[in-house]
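Student: Quick one: the structure is below, questions incoming.
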Amino acid sequence: DTGVSQNPRHKITKRGQNVTFRCDPISEHNRLYWYRQTLGQGPEFLTYFQNEAQLEKSRLLSDRFSAERPKGSFSTLEIQRTEQGDSAMYLCASSISGSKETQYFGPGTRLLVL
Amino acid sequence: AQRVTQPEKLLSVFKGAPVELKCNYSYSGSPELFWYVQYSRQRLQLLLRHISRESIKGFTADLNKGETSFHLKKPFAQEEDSAMYYCALSPYGQNFVFGPGTRLSVLP
């Protein structure tokens, strides 16, 4: 499968714990996006990378959230001191920058904070 | 601020009937607009983009800058069109803003 992959697919954690999600983009894609989706809503932009540089962060991304893409390939999203409000589907997408940029989405990681 | 609205959470039509999924946006510049679709148990995927002016699976969408709308249309709905549809906006080279989505249900 050469599509975007995300691990784990599901995560249950207790409030206050830290969690880390991984996204592996399509190999030749230089852009990588993280979104959060809650029930009944569309994906909400969190942050994106072009190669290893984090170019934009949403105001939704509190200081408990951090994302990295150290070698311009896979990316990790860490949430520290999780809260119940962090429960959501976390989506990753990748693309090739350009005038006809198309984002390809991964299957998502569903987080439940108890 | 950039915003995308989709007024209908659920739209039900009978097979063979025309369908129109509404999308309105607010953005001061000239954004690029998209429709994404998510079929049951599948990933979110691009359906079409306004700059391509293409028809995909019989769907078309016209950008109306005066009304700031980008409605998705299909003249004859099929049962396999049942899915969640999201309208999205992207100021060129920047992040994407998605609407809340409309669930289309095509009844036999």
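Just so you know, the protein sequences line up as chains A and B, in that order. If you read the first sequence in the numbering used here, its first letter stands for residue 1, the second for the next number, and so on. If you read the second sequence in the numbering used here, its first letter stands for residue 115, the second for the next number, and so on. Built from N, CA and C at the ideal position, the CB exists for glycine as well.
Check whether the Cβ of N138 (chain B) lies closer than 8 Å to any Cβ atom in chain A.
Tutor: no
Student: Count Cβ pairs between the region 75-85 of chain A and the region 21-36 of chain A that sit closer than 8 Å; are there 3 or more?
Tutor: Contact holds: three or more Cβ-Cβ distances are below 8 Å.
Student: Note down, in chain order, every chain B residue with its Cβ under 9 Å from the Cβ of G72 (chain A).
Tutor: Per Cβ cutoff of 9 Å: no residues; G72 (chain A) is ~18 Å from chain B at best.
Student: For I165 (chain B), does the three-state DSSP call read helix, strand or coil?
Tutor: The three-state secondary structure of I165 (chain B), taken from DSSP, is helix.
Student: Taking 7 Å as the limit between beta carbons, can you name the residues of its chain near S5 (chain A), skipping five residues before and five after?
Tutor: D24, G106
Student: Tell me F105 (chain A)'s beta-bridge partners as DSSP assigns them.
Tutor: A:A93
Student: When DSSP builds the beta bridges, which residues end up paired with L32 (chain A)?
Tutor: A:F49, A:S94
Student: Any beta-carbon of chain A closer than 8 Å to the one on Y199 (chain B)?
Tutor: At least 8 Å separates the CB of Y199 (chain B) from every CB of chain A.
Student: Buried or exposed for L119 (chain A), going by 16 or more other Cβ atoms inside 10 Å?
Tutor: Lying outside 1 to 114, the shown extent of chain A, residue 119 (chain A) is not represented and no answer is given.
Student: Can you check whether the C-beta of F184 (chain B) is within less than 8 Å of a C-beta belonging to chain A?
Tutor: no
Student: Hey, how far is the Cα of Q120 (chain B) from the Cα of L177 (chain B)?
Tutor: Taking the straight line joining both Cα atoms gives about 15 Å.
Student: Would you say F173 (chain B) faces chain A, with C-beta separation under 8 Å as the test?
Tutor: So no, F173 (chain B) is outside the interface.
Student: Using 8 Å as the limit for Cβ to Cβ distance, is G215 (chain B) near chain A?
Tutor: Interface residue, yes.
Student: Starting from the Cα of C137 (chain B), find the closest Cα among B:S196, B:F190, B:A191, B:T174 and give me that residue.
Tutor: When each option's Cα is compared against that of C137 (chain B), the closest is B:T174.
Student: For T13 (chain A), which beta-bridge partners are listed by DSSP?
Tutor: A:V113
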